[in-house]
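Presented below is the structure to which this report refers.
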Amino acid sequence: MGTIASTPAAAEGAEDGWNPVCAFVALPVERGVTALAQGTAVALFRTYDDQVYALGNHDPLTRTGVLAKGIVGTRGGVPFVASPVHRKAFDLRTGRCLDDPHVSVPSYPVRIVDGTVYVGPRLTFRGP
Amino acid sequence: MTETSTRKRLVVVGGGMVAHRLVEAVADRDTAGEWHVDVFAEESRAPYDRVALTSFFSGRDPEDLLLGDGSLWRREGVRLHTNAPVKAVDTAARQVHARGRVYDYDALVLATGSSAFVPPVEGSDLPGSFVYRTVDDVTELRAWVTDRGAELDRPVRGAVVGGGLLGLEAAGALQAMGVESTVVEFAPRLMALQVDEGGGEALRRLIEKLGITVRTSTATKRIKAGRNGRVARMDFDGGDRLPVDVVVFATGVRPRDELARAAGLPVGERGGVRVDEACAVPGHDDVYAVGEVACIDGRCWGLVGPGNTMAEVVVDRLLGGGATFPGADTSTKLKLLGVDVASFGDVFAAQAGSLEVVHSDPVNGVYKKLVVSDDAQTLLGGVLVGDASAYASLRPLVGSPLGADPTAWLLPEGVEGPPSTELPDAANVCSCNNVSAGAIRCAVTEQGCTDLPAVKACSRAGTSCGSCLPLVKTLMTSELEKAGVEVSDALCEHFAVSRAQLFDIVRVTGLRTFSEIIAAHGTGRGCDICRPVVASILSSLGTGHVLDADQARLQDTNDHVMANLQKDGTYSVVPRIPGGEITPEGLLVIGQVAQDFGLYTKITGGQRIDLFGARMEQLPAIWKRLVDAGFESGQAYGKAVRTVKSCVGSTWCRYGVQDSVGLAIALELRYRGLRAPHKIKLGVSGCARECAEARSKDVGVIATENGWNLYVGGNGGFTPRHAQLFAEDLDTETLVRTIDRFLMYYVRTADRLQRTAPWVEQVGMDEVRRVVLDDSLGIAADLDAAMAAHVDSYEDEWAATLDDPEKLAHFVSFVNEPDTADPSLAYVTERGQRRPATADERREGVLVAGPTLEVRS
């Protein structure tokens, strides 16, 4: 999840394997974009409340790089993206598939420093 | 074999559909692991769906026919031996001989099925003669026809001997391969076992209409070879001759009882292993026979339904139960050569005093007969040819009161619905798996199933041929309603109202952004269900471009990039070609664009051209070229008006009575861009020959001498429907006004993803007529104004996008590397064009090109 940090050191973002990706304002509200980060295709989503989330773009259920193209919404308060191919829902916070507990996509931490979006190394999620 | 020494050994001889069911039942029910099963199959394949054999000709692989997912044969305690015919059975030693070895058994099940019977006609063994029973048979037949077709400079000629179920299937298969086919039947009518004379006549007319010649009351005397030694001519009793290149015998089957005979087991008079009601061979309580080879009460059953029942009986016995074979339902419903045929119960009115009620319509090729008791109250049986839609409702009623005048059931589709009758619990709904109405009700009331997949899984109803599913769904819904489970029409968790209600809310309140609408009338932030619905409603109300900021976030990916997402994540592009009319210059532009961007091209069913394999970042450049050449968006990606298909009409055609192309173009230009609850297709035919297939469209127009006939509510797809006549002999102005109102009324009141056919059914055709033609609701002026506003405000979405840098900004592959093609794309060339590489091809890495190779873009 991304939080808008005020300032310490813009350079901080580039350390520890964080990749600068784009300007925060370049992210459309309640949609996704695809970015190359952490050596792979990452889907970035900006929700209604200006939170930014990053998931692997590859939908494991349909084996296609399409998650960024899905519709963003909420299910019982959980922010999610619906894969555009067969509409399975993925939790934006964790990458867990809400329709199939055995499926998940990688989740990446996001930081916004001085208006730039950074994507960090993949998170390991330990379950709810 | 030591690991299974504690278990009892079951040997199944034969690997057909019934053997499959038997092993499945053992796997399901033998929870204690009492039995180890060995299945000996003569064919090289695991059990497959023999009933669907003909689908093999429509391009399916033999593998697609396999029953189940194969996991059954990998289970512990189950072994399938293929290519392993059993050579002998020794009931004294309780052993079978196969694969050069001896296998012990504690119980033996003979499921050897039948073999095709070939009558002793001279020449029936010549090269070019076939039977129609196994995958290997049809594979050889297909190869023969293909080879002969390549040798001859005329169509291959074929004959099918036998006009029963299988014969007509075979004729259809030949026909599908382009063979000029003749069906030769000894009896005076087709399908003599299943349908009566009237039904046989109707069937004959329908089949002859397909170009197949039918010869009934014809006996084949001999088949003569040509100089090359292959079949060349059939001679019939009476002296007639027929030149042929291939002959298929579909003259019935004979039980495969030779193993049983050799083992000294009792056989029936006309063959088949004699068994009692437990399917056990008399005097051998450890030997059973099931399926087509079993002869119960002097009768063999050639259908899979009764075979499955026998398999269940035997498994019950093996596990200590006392099940008996209850007899079976020989009802059949099938689609032969696209013709619906069904028969059930007492087809031939054999019961004393029974009455026959017949509806025969030779014009439309429909024949229906119901057999009822002498007081016309109880249904005894029936025959349906040409329109078997009433089968699912009628068959379970056999033996029960009809609940209404029998003629009500026979009226043509759409004239008046059959009465709704509460089925008795005992009524058999799914005859493949023998599931009663009571069992389906029980799945809902006691097992807690609340949707169709759950009911299917729980009761097995509708899991074989699926023809009973509509009835299963009706039963389920009615049970759910009785149980007070509200079958809610709420859109999703965010909106408690239906689409139609939401449409009215948005229209009346004038709210124009999703945030306002959901804040005032919903909860949360929406989802993939309600967001596209709101987007569609806003579009239908003409509130601006689909990619305007607030609307862009509501669109499905297709609408969001104004192209159709394909399996590899790229898109296809479809320019509008109104009425299917295109200039040579236009064709050249499309061809040049496809070549320059390396796109795969295919003609669509809607008379336009689909360009596949466009990457997100290429779409603006592709559309720039198309828009500059005068093309505009075809909305192939939207729940919107798609195409108006037309025949060439009176301009060129010798038969055309009106200018169908002109009207189709006018209609397409009028309705283009109209967003709706689902896609809308239209068609215009220039005469009653109906070459535009307008009656398979939501709105179909067919020219008459006096004007236009309007049909509504048709569609192709998963549940095909014919459009129904709405109004006759309209002049062009009245026609257009009527379509305006019909479409707008539909757009406003239909449910999400509901096409016109189910919408018309729900509202009622008469009610739609009253609203649209008689203005019974007083909204006609409003509907007219709404359509006028749509026509006035139309703009091409793609042209508008190209003019707006903000909208163009999101057409990038990666936000941080906008022009880098997605490196995961890979293609191979096939028939001169590229297509996505399969997983295997990617793994092997041969012939695979990356996303941009060989592409001039």
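So the protein sequences, as listed, match chains A and B.
For the record, in the first sequence the residue sitting at position 27 is 27 according to our numbering, with numbers rising by one throughout.
For the record, in the second sequence the residue sitting at position 242 is 1242 according to our numbering, with numbers rising by one throughout.
A virtual CB, placed ideally from N, CA and C, is assigned to each residue, including glycine.
Do residue j and residue i have their beta-carbon atoms positioned less than 8 angstroms apart in this structure?
| i | j | result |
| --- | --- | --- |
| B:H1722 | B:S1696 | yes |
| B:A1437 | B:V1444 | no |
| B:L1166 | B:A1232 | no |
| B:E1608 | B:V1657 | What sits at residue 1608 of chain B in the sequence shown is Arg, not Glu. In this structure, B:V1657 does not lie closer than 8 angstroms to B:R1608 by Cβ. |
| B:A1636 | B:R1675 | no |
| B:G1382 | B:Y1367 | no |
| B:L1337 | B:L1141 | no |
| B:F1130 | B:V1248 | yes |
| A:V85 | A:D114 | no |
| B:T1091 | B:V1293 | no |
| B:L1319 | B:D1030 | yes |
| B:R1254 | B:S1124 | no |
| A:V81 | A:G120 | no |
Tell me which same chain residues have a C-beta within less than 6 angstroms of the C-beta of residue i, skipping the five on either side of it?
| i | result |
| --- | --- |
| B:G1015 | V1039, A1041, P1047 |
| B:D1106 | K1008, R1009 |
| B:S1181 | G1158, A1171, L1174, Q1175, I1212 |
| B:R1576 | E1632, G1634 |
| B:L1663 | V1684 |
Please go through the same chain and pick out, in chain order, the residues whose beta-carbon is closer than 8 angstroms to the beta-carbon of residue i, but skip the five residues on each side of it.
| i | result |
| --- | --- |
| B:G1764 | none |
| B:R991 | Residue 991 of chain B lies beyond the range of chain B shown here (1001 to 1857); nothing can be said about it. |
| B:F1236 | V1184, R1215, T1218, A1219, T1220, K1221, L1242 |
So, is the C-beta of residue i closer than 8 angstroms to a C-beta in chain A?
| i | result |
| --- | --- |
| B:G1414 | With a pLDDT of 45 at B:G1414, under the threshold of 50, the modelled position of that residue is not reliable, and the figure given next carries that caveat. So, not an interface residue. |
| B:D1559 | no |
| B:S1824 | yes |
| B:H1521 | no |
| B:S1436 | no |
| B:E1817 | yes |
| B:R1531 | yes |
| B:H1678 | no |
| B:E1493 | yes |
| B:F1612 | no |
| B:S1813 | yes |
| B:C1442 | no |
| B:A1552 | yes |
| B:D1556 | yes |
| B:A1499 | It is worth fixing the name first, because residue 1499 of chain B is Arg in this sequence and not Ala. Judged by the 8 angstroms Cβ criterion, B:R1499 is not in contact with chain A. |
| B:R1525 | yes |
| B:D1528 | yes |
| B:H1722 | no |
Indicate, with yes or no, if the ligand FMN has a heavy atom lying under 7 angstroms from the CB of residue i.
| i | result |
| --- | --- |
| B:P1396 | With respect to the ligand FMN, the structure shown offers nothing to examine, as it has no ligands at all. |
Since residue i sits in a beta bridge, which residues does DSSP pair it with?
| i | result |
| --- | --- |
| B:T1829 | B:R1834 |
| B:M1234 | B:I1223, B:L1242 |
| B:L1379 | B:V1372 |
| B:H1081 | B:F1040 |
| B:I1609 | B:I1603 |
| B:D1090 | B:Q1095 |
| B:V1573 | B:L1611 |
Would residue i pass as an interface residue toward chain B - the criterion being a Cβ-Cβ separation below 8 angstroms?
| i | result |
| --- | --- |
| A:R75 | yes |
| A:P101 | no |
| A:T94 | no |
| A:G65 | yes |
| A:V21 | yes |
| A:G70 | yes |
Cutting at 7 angstroms between CB atoms, please list the residues of its own chain near residue i, excluding the five before and the five after it.
| i | result |
| --- | --- |
| B:I1440 | V1429, V1455, S1459, A1461, V1472, L1475, M1476 |
| B:Q1351 | L1380 |
| B:A1800 | H1545 |
| B:G1033 | R1007, G1077 |
| B:L1735 | V1701, W1708, L1710 |
| A:P109 | G120, L123 |
Check each residue of the stretch 107-125 of chain A: if its Cβ is closer than 7 angstroms to any Cβ of chain C, include it; give the result in chain order. Here chain C cannot be found, since the structure's protein chains are A and B.
When you check each C-beta in the stretch 46-62 of chain A against every C-beta of chain B, which residues fall closer than 7 angstroms? Y48
Going along the chain, which residues of the stretch 1559-1590 of chain B sit with their C-beta nearer than 8 angstroms to a C-beta in chain A? H1560, V1561, L1565, K1567, D1568, G1569
For the stretch 28-44 of chain A, list every residue whose C-beta sits within 8 angstroms of some C-beta in chain B, in sequence order. P28, V29, E30, R31, V33, T34, A35, L36, A37, A41, L44
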